[in-house]
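Undergrad: Keeping their order, the protein sequence lines are chains A, B and C.
When you line the first sequence up against this note's numbering, it's residues -3 to 114, in that order.
When you line the second sequence up against this note's numbering, it's residues 51 to 287, in that order.
When you line the third sequence up against this note's numbering, it's residues 27 to 141, in that order.
For each residue, glycine too, the CB sits at the ideal point set by N, CA and C.
Computed from a predicted model, the values in this text were never measured in an experiment.
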Amino acid sequence: MSASFAIRARSHPAWWAFAVHRVSGVLLALFLPLHFWALAQALDGAAALDAFLRFAERPWVRLAEWGLVVLLALHLTGGVRLLLIEFGPWRGLRKDWIAMTAGAGVVAGLAYALALTR
Amino acid sequence: MESTVDVRVWRGAAQGRFVRYEVPRRPSQTVLDVVTYVQRHLEPTLAYRFACRVGMCGSCAMTVNGVPRWTCRTHVAKAVRRGRLEIAPLAHLPVVRDLVTDMTAFFDKWARARGQFQGATSRAAPVARIAPETPQRRAVDAGIECIGCAVCYAACDVVRWRHDFLGPAALNRAWTLVNDVRDVAQAARLDAVAGDAGCHACHTQGACTERCPKGIAPTAGIAGLKRLTARAAVERS
Amino acid sequence: MTMTRATQAKLWYAQRLSAMVLAGCVIVHLGVIVYATRSGLSAGALLARTRGNVAFAVFYGVFVLACAVHAPLGLRAVAHEWLHWRGGAADAVWATFALALVATGMRAVYAVTAS
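#1: Could you check the C-alpha separation between C:Phe123 and B:Ala224 for me, to the nearest Å?
#2: Taking the alpha-carbon positions, what's the C:Leu171 to B:Val59 distance?
#3: Which residue from B:Asn229, B:Val130, B:Gly165 and B:Gly198 puts its Cα closest to that of B:Ile180?
#4: Roughly how many angstroms separate the alpha carbons of A:Leu112 and A:Val22, rounded to a whole number?
#5: List the endpoints of the continuous beta strand (DSSP E) containing B:Leu135.
#6: Which word fits B:Gly62, buried or exposed, when buried means at least 16 other C-beta atoms lie within 10 angstroms of its C-beta?
#7: The region 29 to 47 of chain C: which residues have C-beta closer than 9 Å to a C-beta of chain A, in chain order?
#8: Under 8 Å Cβ to Cβ from B:Ile137, same chain only, skipping five residues before and after it: list those, please.
#9: Could you please give me the residues that DSSP links to B:Gly62 through a beta bridge?
#10: Could you say if the region 82 to 98 of chain A and the region -3 to 16 of chain A meet the contact criterion of at least three C-beta pairs nearer than 8 Å?
#11: Within its chain, find whatever has a CB closer than 7 Å to the CB of B:Gln236; leave out the 5 residues flanking it on each side and keep chain order.
#12: Keeping to the same chain, check which residues put their C-beta closer than 8 Å to that of A:Pro9; ignore five residues upstream and five downstream.
#13: Below 7 Å on C-beta distance, what does B:Val284 contact in chain C?
#14: If I measure Cβ to Cβ from B:Leu96 and keep anything under 8 Å in the same chain, skipping five residues before and after, which residues do I get?
#15: Rank B:Tyr98, B:Ile266 and B:Met106 by C-alpha distance to the C-alpha of B:Pro218 and give the top, closest one.
#16: If you measure between the beta carbons of B:Ile123 and B:Gly108, is that distance less than 7 Å?
#17: Please state the DSSP three-state secondary structure of B:Ala101.
#18: Could you check whether B:Pro77 and B:Thr54 sit closer than 7 Å to each other, using their CB atoms as the reference points?
#19: Using a Cβ cut-off of 7 Å (strictly closer), state whether B:Gln255 contacts chain A.
#20: What number of angstroms, rounded off, separates the C-alpha of A:Val102 from the C-alpha of B:Trp211?
#21: Taking the beta carbon of A:Arg87 as the centre, do at least 16 other beta carbons fall within 10 Å, making it buried, or is it exposed?
#22: So which residues of chain A does B:Arg277 contact, with C-beta pairs closer than 8 Å?
#23: A:Val22 CB to nearest chain C CB: under 7 Å?
#24: Could you compute how far the alpha carbon of C:Thr33 sits from the alpha carbon of B:Leu140?
#25: Between which two residues does the beta strand (DSSP E) carrying B:Thr113 extend?
#26: Verify the CB distance criterion: does B:Ala273 have a CB-CB separation below 7 Å to chain C?
#27: Please check if any C-beta of chain C sits within less than 7 Å of the C-beta of B:Gly217.
#28: Straight-line CA distance for B:Ile272 to A:Ala104?
#29: Between the Cα of B:His91 and those of B:Pro263, B:Phe167, B:Tyr71 and B:Arg103, spot the shortest distance and give me the residue it belongs to.
#30: Which residues of chain D have a Cβ atom closer than 7 Å to the Cβ of B:His250, listed in chain order?
#31: Within this structure, are the beta carbons of B:Leu240 and B:Ala163 separated by less than 7 Å?
#32: Along chain A, in chain order, which residues have C-beta atoms closer than 9 Å to that of B:Thr269?
#33: Please identify, using Cβ separations under 8 Å, the residues of the region 62 to 75 of chain C that lie next to chain A, in order along the chain.
#34: Check for me: the alpha helix (DSSP H) holding A:Arg114 runs from which residue to which?
#35: According to DSSP, simplified to helix, strand and coil, what is B:Thr54?
#36: If you draw a straight line from the alpha carbon of A:Leu39 to that of C:Val138, how long is it in whole angstroms?
In structure tokens, the structure reads:
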């Protein structure tokens, strides 16, 4: 099967929802140890934490942080959809929740971007 | 309407290649019509399966332009992409030859999921009275029409990624039996469908539900099995 | 040592239960992120809000534990399906990762609340 057919066969909303949920989950899981390490800098005093926070002001770091916030919102909302499918009454593949997942990502992205520009 | 359709058909087994044929177009032509034309007029050695050719038996299931479908119920006009059709055997099953797959594993998994009814009465007992409107019977009725065509099995990525995954059809059948109040093998069945090779490996990709030609939603039954098996595992410990 | 199906079912359940806890924690956390970013991201400002904050410590302690259950189980499934890592050795790696998340996470919570 050619690659384009492989993608076409998976071009339905629930599959995209799965792909977004998996990729966001992996990236967030890999990020967690970094996050914990960064916060633990406070053990060496406020100055040590400040050094990290200054590093985090670099544009590429801010962009990565923004991406993580969006991924977190996507993973959360997509995850609630899965919990509803697995534990709630059957109402189909809940494509309305797929739309809400995209919306939540947009809202979180906008809110964080606005917060950064204050 | 173009006068011909450019068809690529899988020839060989696990090793093989797509061979091009040009097939005259007809009104209301189905993909099964195309395959039949190739075998009758162009390539007599082409191996393929069909039976009823009216969308009842599921024997003609193949991969059409990447999507598993019943070829007798797939109009060429709807499936063709830029004048082209690519026809391959159903995915995730060993290929016997050309478009014919070996369905043994599919039905073995059905058996492993305890997809057989087990009752406790004999023919001497009165006929069981099952009310059709109970939630349990509704759950059974929603999944009972499965004819074992393996389209869902071919569509599922978890089947592709986990060789021991029982798959949507086997789990759907188990779900219809789990909800059958006459069946007495429930504990063994819940054990059979639990775990990483069972319902808990399903990631709700929903390809089974999207592709099922009978409109069955295996995702629903698998979600139900997840709840029941998890509860059973916790209660037993 | 292969895991029994019953254990696998329980792991699925743990992953979903931790997901339910995380749903609540993450909604709050997203709010905290936006609030903290708007209020100013300096160590002084952050630590002034978190030092000695028992509610903060309890909340984020629970959050860390839920992450430590949820993330390794998720990665385990991905590794099985996309890297074909399976069996006792792989499970040991994920269990270790879970313990590492608990240790480093609690250390981070302690760092901003008590140090």
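TA: In this structure, then:
#1: Taking the third sequence and counting its residues from 1, the one referred to as residue 123 of chain C is at position 97. Taking the second sequence and counting its residues from 1, the one referred to as residue 224 of chain B is at position 174. Whole-angstrom Cα-Cα distance: 35 Å.
#2: Shown here, chain C extends from 27 to 141; a query on residue 171 of chain C therefore has no answer.
#3: Position 130 of the second sequence, counted from the start, is the residue given in the question as residue 180 of chain B. Cα-wise, what sits closest to B:Ile180 is B:Asn229.
#4: On the first sequence, position 116 is the one that residue 112 of chain A refers to. On the first sequence, position 26 is the one that residue 22 of chain A refers to. Cα to Cα, A:Leu112 sits roughly 25 Å from A:Val22.
#5: Numbered from 1 along the second sequence, position 85 holds the residue referred to as residue 135 of chain B. Unbroken beta strand (DSSP E) run through B:Leu135: Arg134 to Ala138.
#6: Mapped onto the second sequence, residue 62 of chain B falls at position 12. By the 10 Å Cβ count, B:Gly62 comes out exposed.
#7: Contact residues of the region 29 to 47 of chain C toward chain A are Arg42, Ala45 and Met46 (C-beta to C-beta distance below 9 Å).
#8: Taking the second sequence and counting its residues from 1, one reaches residue 137 of chain B at position 87. Excluding residues up to 5 positions away in sequence, Val57, Arg58, Val59, Trp60, Val81, Val84, Val85, Met112, Thr113, Val114, Thr121 and Leu149 lie with their Cβ nearer than 8 Å to the Cβ of B:Ile137 in the same chain.
#9: Reading the second sequence from its first residue, position 12 is the one you call residue 62 of chain B. Under DSSP, B:Gly62 forms a beta bridge with B:Gly66.
#10: A contact exists between the region 82 to 98 of chain A and the region -3 to 16 of chain A.
#11: Reading the second sequence from its first residue, position 186 is the one you call residue 236 of chain B. Closer than 7 Å at the Cβ level, and outside the excluded window around B:Gln236, lie Val228.
#12: Taking the first sequence and counting its residues from 1, the one referred to as residue 9 of chain A is at position 13. The answer, listed in chain order, is Leu89, Lys91 and Ile94.
#13: Walking along the second sequence from the start, residue 284 of chain B turns up at place 234. The answer, in chain order, is Lys36 and Tyr39.
#14: Locating residue 96 of chain B in the second sequence gives position 46, counting from the first residue. Its chain contains Val59, Arg61, Val85, Val88, Gln89, Asp148 and Leu149 as the residues whose beta carbon lies nearer than 8 Å to that of B:Leu96, once the 5 sequence neighbours on both sides are disregarded; these appear in chain order.
#15: For the purposes of this step, residue 218 of chain B is taken as the residue at position 168 of the second sequence. Among B:Tyr98, B:Ile266 and B:Met106, the Cα nearest to that of B:Pro218 is on B:Ile266.
#16: Here residue 123 of chain B refers to the residue found at position 73 when the second sequence is read from its first residue. Here residue 108 of chain B refers to the residue found at position 58 when the second sequence is read from its first residue. Looking at the sequence itself, residue 123 of chain B is Arg, so the reference to Ile does not match. Against a cut-off of 7 Å, the Cβ pair of B:Gly108 and B:Arg123 comes out as no contact.
#17: To locate residue 101 of chain B, count along the second sequence from 1; it is residue 51. Coil.
#18: In the second sequence, counting from the first residue as 1, residue 54 of chain B sits at position 4. In the second sequence, counting from the first residue as 1, residue 77 of chain B sits at position 27. No.
#19: Counting from one through the second sequence, the residue named residue 255 of chain B turns up at place 205. When Cβ-Cβ separations below 7 Å define contact, B:Gln255 makes contact with chain A.
#20: Locating residue 102 of chain A in the first sequence gives position 106, where the first residue counts as 1. Locating residue 211 of chain B in the second sequence gives position 161, where the first residue counts as 1. If you take the alpha carbons of A:Val102 and B:Trp211, they lie about 32 Å apart.
#21: Position 91 of the first sequence holds residue 87 of chain A. It counts as exposed.
#22: Mapped onto the second sequence, residue 277 of chain B falls at position 227. Here the neighbours are Glu82 and Phe83.
#23: In the first sequence, counting from the first residue as 1, residue 22 of chain A sits at position 26. At least one chain C Cβ lies under 7 Å of A:Val22.
#24: As a position in the third sequence, residue 33 of chain C is number 7, starting the count at 1. As a position in the second sequence, residue 140 of chain B is number 90, starting the count at 1. Spanning the two alpha carbons is a distance of roughly 33 Å.
#25: Locating residue 113 of chain B in the second sequence gives position 63, where the first residue counts as 1. Residues Ala111 to Val114.
#26: Looking up residue 273 of chain B in the second sequence gives position 223. No, no contact with chain C.
#27: For the purposes of this step, residue 217 of chain B is taken as residue 167 along the second sequence, with counting starting at 1. Not closer than 7 Å to any Cβ of chain C, the Cβ of B:Gly217 fails to qualify, so no.
#28: What you label residue 272 of chain B is simply residue 222 of the second sequence in a count that begins at 1. What you label residue 104 of chain A is simply residue 108 of the first sequence in a count that begins at 1. Distance between the alpha carbons of B:Ile272 and A:Ala104 is about 32 Å.
#29: For the purposes of this step, residue 91 of chain B is identified with residue 41 of the second sequence, where counting begins at 1. Residue B:Tyr71 holds the alpha-carbon nearest to the alpha-carbon of B:His91 among B:Pro263, B:Phe167, B:Tyr71 and B:Arg103.
#30: In the displayed structure, chain D is absent; the protein chains listed are A, B and C.
#31: Counting from one through the second sequence, the residue named residue 240 of chain B turns up at place 190. Counting from one through the second sequence, the residue named residue 163 of chain B turns up at place 113. Cβ atoms of B:Leu240 and B:Ala163: not closer than 7 Å.
#32: For the purposes of this step, residue 269 of chain B is identified with residue 219 of the second sequence, where counting begins at 1. For B:Thr269, the chain A residues whose C-beta falls within less than 9 Å of its own C-beta are Ala10, Ile81, Trp86, Gly88 and Leu89, listed in chain order.
#33: Closer than 8 Å at the C-beta level to chain A, one finds these residues of the region 62 to 75 of chain C: Thr63, Arg64, Leu67, Ser68, Ala69, Gly70, Leu72 and Leu73.
#34: Position 118 of the first sequence holds residue 114 of chain A. Neither: A:Arg114 is in no alpha helix (DSSP H) and is coded neither H nor E.
#35: By one-based count along the second sequence, residue 54 of chain B stands at place 4. Per DSSP, reduced to three states, the secondary structure at B:Thr54 is strand.
#36: For the purposes of this step, residue 39 of chain A is identified with residue 43 of the first sequence, where counting begins at 1. For the purposes of this step, residue 138 of chain C is identified with residue 112 of the third sequence, where counting begins at 1. Taking C-alpha positions only, A:Leu39 is separated from C:Val138 by approximately 8 Å.
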